[in-house]
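Here is the structure we will look at.
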Amino acid sequence: MNIPNAITAARIAMCPVIPFLALSDGVGNRYAAFLVFLLAALTDIWDGQLARRYGWVTDTGKLLDPLADKLLLVCTFVPLYMISHRTDDLGALPWWGAMPLWVVLLIFGREALVTSLRGYAVRRGIVIAAGKSGKLKTLALSVFTGAALLWYPLAATAADSGWSGGPWELWLGLHGALIGVTLGLSVLLSLFSMADYLWRHRSLASRS
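Here is the structure:
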């Protein structure tokens, strides 16, 4: 196993830690969930850069990297969905309130469809790397997830500490807008990247 693949494997190992921390009691655990996610997201950049710079791109890496992305998606979206549906005021997502179930089903359905098509291609000896539209979708999801994971402990800290006034209100508005916009972009890019993926590999899709 080369260094980029080892980094990807480390990202996979970090994934189950995030929901454990995010759903645990205590603001500190929620901050820790954000930090673990941030580290996992950074490894997604590092492994790709190392692989391309030093010629360490492998078929194993092309398969492991999107697998790690999907596992990270599940391990962050599920706790965010659960937290957003809690009855207290701090559970609601800015602009969205409780995360709609159709958003989760759409994003997960896209991942399941693309993964099944990629698996079919592998059985035919074809390795399909992530496309540009898929990478943009992953970026939007990553920004949303990081912003949302930070939102909850930050909002709890503000409520406990009695933060108020201009700077905090400005930050609250910008942070909330980032969450609302990037979740909307994630939905749109999930639809677009799925259509793009199916079109580019329509010969495989028609046979699968």
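Residue 138 in the numbering used here sits at position 41 of the sequence shown, and the numbers go up by one each step.
Glycine is no exception: its CB is placed at the ideal position from the N, C-alpha and C atoms.
Use the C-beta contact count for Lys234: other C-beta atoms within 10 angstroms, 16 or more gives buried, fewer gives exposed. buried
Using the Cβ count rule (16 or more neighbours within 10 Å means buried), how would you classify Ile115? Answer is buried; the Cβ neighbour count reaches 16.
Sorted by chain position, which residues of the same chain lie with C-beta nearer than 6 Å to Trp192's C-beta, five sequence neighbours on each side aside? Gly277
In this structure, how does DSSP classify Leu190 when only helix, strand and coil are distinguished? Three-state DSSP puts Leu190 in a strand.
Determine the DSSP secondary structure at Leu120, reduced to helix, strand or coil. coil
Residues near Asn126 by beta carbon distance below 6 Å, same chain, minus five either side: Leu118
I believe Leu161 touches Ala137 by the beta-carbon criterion, under 8 Å. Please report the beta-carbon distance rounded to the nearest angstrom. Their Cβ separation, rounded to whole angstroms, is 14 Å, which puts Leu161 and Ala137 out of contact at 8 Å.
Does the distance from the C-beta atom of Tyr249 to that of Leu187 stay below 8 Å? yes
Which stretch, first to last residue, makes up the alpha helix (DSSP H) that contains Asp166? Asp156 to Ser181
Counted within 10 angstroms of its Cβ, other Cβ atoms place Tyr294 as buried (16 or more) or exposed: The residue in question, Tyr294, is buried, as its Cβ has 16 or more Cβ neighbours within 10 Å.
Looking at the structure shown, is Arg150 part of a helix, part of a strand, or coil, going by DSSP? helix
With 16 as the cutoff for other CB atoms within 10 Å, does Pro101 come out buried or exposed? Burial call: buried.
Measuring CA to CA, which of Gly231, Leu269, His182 and Arg215 is closest to Thr254? Leu269
Return the residue from the list Gly228, Asp141 and Phe134 that minimises the CA-CA distance to Arg215. Gly228
Over what stretch of residues does the alpha helix (DSSP H) that includes Arg221 continue unbroken? Neither: Arg221 is in no alpha helix (DSSP H) and is coded neither H nor E.
CB-CB under 6 Å to Ala165, same chain, minus the five flanking residues each way: which ones, in chain order? Thr105, Arg108 and Ile109
Are Ile204 and Ser290 close, meaning C-beta to C-beta below 8 Å? no
Could you check which residue in His298, Thr140, Leu135 and Glu208 has the C-alpha nearest to that of Leu41? Because residue 41 is not part of the residues shown, which for the chain are 98 to 305, the question remains open.
Whole-angstrom Cβ separation of Thr279 and Ala252, contact assumed at under 8 Å? About 17 Å separates the two Cβ atoms, so there is no contact after all.
Rounded straight-line distance, which links the Cα of Ser181 to that of Thr157: 36 Å
Element boundaries [alpha helix (DSSP H), containing Ala195]: Per DSSP, Ala195 belongs to no alpha helix (DSSP H) and is neither H nor E.
Residue burial classification, Asp122 (beta-carbon count within 10 angstroms, cutoff 16): exposed
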